[in-house]
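Participant: Take this structure first; my questions come after.
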């Protein structure tokens, strides 16, 4: 993310100014966020007003939408109260039971990283799309950005909130490798068969939720009750823009003006498509696979440096010790076992190296952007070029190390509450942007001149997003995932080619 695009990030088209009058006529914001109590009351009033308006104005298109929603709700009710094999996928009770089931896994720490990542992304969007002056490119927006950037801690932390995406990428790569390894252990099909199944399974995992959300976002309901969100996020979509989201190519569009914040889903899916190549090489020859990945990462950093330099944007980056005692051990035996090892293993003077490397890397990744704020007109200096080329990859390395630590040493505790939050984070990701637009009504956020107000409203954004995510998971994602899984298993049994396992498996 560039300095202009963080807390800040809004490259929306000039059509916003043309629609400004209509927006103000159809959506007069009521200020809230003066206090927590007033905030809750104001949100409730806003929802109540919208509901009352919905009863009074129902167009033909809206009637069609409500008919589809009503049919789906009927399936949900049927599945919840009538237990049959055909309706079980729609049962809220069963989906809730599965969602809240305590899961023990060595990869529990991933849940916490997922939650941290989405909160970091929410901070970014709350401080950008949450501000009307940024959406409408008013002069006051610059004063707000400058005030945020001038903060010695939250400036770079907010400024680099785009690194939340890097956390998602690291987790996605981690889980892709795990999924592929599990699939490749099956000896029922060739590499090509595993590959096709791997991609289809991923598409069926993402597509239903994305399709439902995009359908609702571009509907007349969105245009009528969230006009600012519709005008700035959806109105320029057209068939091409909507198709790009449904085909996971939105990140390849020339401009991110059609639900642009969903670009990550396209990137994620495309990386999934190529990931089996790297994993197959790793399984075939680990040294060759590591060399290949290292070469690609290096080439990516070099390309980033070349790209930012040629486009003049480098200034806009966004030992095993037994911990048990044995019977009958003497003091002398203990001394001989642990002599020197315990000191080098546990003392700060011998273990500070990895800590300081992590500290240095974090400072470079997060706070290294500060020189770009201090010297905004410096241009393509050597430092700016190097930072732009490498900071995301270095941050990913640090995140990966924390994952390894959490999996193999720290052994993070499995807490059902965080398991649930992590599971519904995908829905929270889809929903959080419309929720951010609700806070266009938050007068405190609109008047903010620093990071504290953004932090103040972040819990509201997160809570509303996750409540909505919880509902959508039980009523949409979980049922559709079960239906998709049924189709996938049938497809796998009848369509995916079965041959003898090749050596590369």
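Numbering (the UniProt record's numbering), first residue to last: 1 to 505. From the three backbone atoms N, C-alpha and C, an ideal C-beta is built for every residue, glycine too. Just so you know, these numbers come straight off a predicted model, no measurement behind them.
Thinking just about the alpha-carbon of each residue, which of 425, 474, 469 and 439 is nearest to the one in residue 112?
Facilitator: Residue 425 is the option with its Cα nearest to residue 112.
Participant: Pick out whichever of 169, 386 and 281 has its Cα sitting closest to the Cα of residue 292.
Facilitator: The shortest C-alpha separation from residue 292 is found at 281.
Participant: Enumerate, from N- to C-terminal direction, the unbroken beta strand (DSSP E) stretches of 3 or more residues contained entirely within the segment 414 to 439.
Facilitator: none
Participant: Quick one: grab the DSSP three-state call for residue 398.
Facilitator: helix
Participant: Closest by CA to residue 420, which one among 430, 85, 68 and 115?
Facilitator: 115
Participant: Looking only at its chain, what residues have a beta carbon closer than 7 angstroms to the beta carbon of residue 470, apart from the 5 residues adjacent to it on each side?
Facilitator: Around residue 470: 424.
Participant: Can residue 93 and residue 80 be called in contact, C-beta distance under 7 angstroms?
Facilitator: yes
Participant: If you drop the 5 nearest sequence neighbours on each side, which residues of the same chain put their C-beta closer than 8 angstroms to that of residue 183?
Facilitator: Hits under 8 angstroms: 194, 197 and 198.
Participant: Which same chain residues end up closer than 6 angstroms to residue 266 when comparing Cβ atoms and leaving out the 5 residues on each side of it in sequence?
Facilitator: 248, 249, 250 and 251
Participant: Taking 6 angstroms as the limit between beta carbons, can you name the residues of its chain near residue 475, skipping five residues before and five after?
Facilitator: 76
Participant: If you drop the 5 nearest sequence neighbours on each side, which residues of the same chain put their C-beta closer than 6 angstroms to that of residue 515?
Facilitator: Residue 515 cannot be examined here, being either before or after the span of the chain that is shown, 1 to 505.
Participant: What is the rounded straight-line gap between the Cα of residue 141 and the Cα of residue 126?
Facilitator: 13 angstroms
Participant: Looking at the unbroken alpha helix (DSSP H) that takes in residue 224, where does it start and where does it end?
Facilitator: 220 to 225 is the extent of the alpha helix (DSSP H) around residue 224.
Participant: Within the continuous alpha helix (DSSP H) that includes residue 244, where are the two ends?
Facilitator: 238 to 246
Participant: Can you tell me whether DSSP reads residue 385 as helix, strand or coil?
Facilitator: helix
Participant: When the Cα atoms are used, what is the spatial distance from residue 180 to residue 478?
Facilitator: 22 angstroms
Participant: Would you kindly check if the distance between the Cβ of residue 122 and the Cβ of residue 461 is under 7 angstroms?
Facilitator: yes
Participant: Can you tell me whether residue 259 is helix, strand or coil according to DSSP?
Facilitator: coil
Participant: Closer than 8 angstroms is the cut-off here; do at least three beta carbon pairs connect the segment 227 to 241 with the segment 389 to 407?
Facilitator: No, they do not touch.
Participant: Nearest to residue 413 by alpha carbon, out of 118, 108 and 102?
Facilitator: Answer by Cα proximity: 108.
Participant: Are the C-beta of residue 482 and some C-beta of chain C separated by less than 7 angstroms?
Facilitator: Checking the listed chains, one finds no chain C in this structure; it contains a single protein chain.
Participant: Can you have a look at residue 489 and say buried or exposed, based on whether 16 or more other CB atoms are within 10 angstroms of its CB?
Facilitator: exposed
Participant: Can you check whether the CB of residue 245 is closer than 7 angstroms to the CB of residue 214?
Facilitator: Yes; because the gap between Cβ atoms is below 7 angstroms, this pair is in contact.
Participant: Do residue 383 and residue 427 count as a contact pair if the criterion is CB distance below 7 angstroms?
Facilitator: In this structure, residue 427 sits away from residue 383, with a CB-CB distance that is not shorter than 7 angstroms.
Participant: Would you kindly report the start and end of the unbroken alpha helix (DSSP H) that includes residue 314?
Facilitator: For residue 314, there is no enclosing alpha helix (DSSP H), as DSSP gives it neither H nor E.
Participant: Which parts of the segment 185 to 218 are runs of the alpha helix (DSSP H), unbroken and 4 residues or longer, counting only runs that do not cross its ends?
Facilitator: Within the segment 185 to 218, the complete alpha helix (DSSP H) runs of at least 4 residues are 191 to 217.
Participant: What residues in its chain sit with their C-beta under 7 angstroms from that of residue 104, if we drop five residues either side in the sequence?
Facilitator: 414
Participant: Among 174, 149 and 219, whose alpha-carbon lies nearest the alpha-carbon of residue 69?
Facilitator: 219
Participant: Nearest by alpha-carbon distance to residue 276: which of 258, 302 and 191 is it?
Facilitator: 191
Participant: With a threshold of 16 other CB atoms inside 10 Å of the CB of residue 205, please say whether the residue is buried or exposed.
Facilitator: buried
Participant: Here's a check: name, in chain order, each residue in its chain whose Cβ is nearer than 8 angstroms to the Cβ of residue 273, leaving out the five neighbours to either side.
Facilitator: 199
Participant: Return the residue from the list 465, 480 and 437 that minimises the CA-CA distance to residue 517.
Facilitator: Residue numbering for the chain in the displayed model covers 1 to 505; residue 517 lies beyond these limits and cannot be assessed.
Participant: Could you tell me how far apart the beta carbons of residue 512 and residue 130 are, in whole angstroms, since I believe they sit closer than 8 angstroms?
Facilitator: The first residue shown for the chain is 1 and the last is 505, placing residue 512 beyond what the model contains.
Participant: Alpha carbon to alpha carbon, how far is residue 379 from residue 95? Give it in angstroms, no decimals.
Facilitator: 53 angstroms
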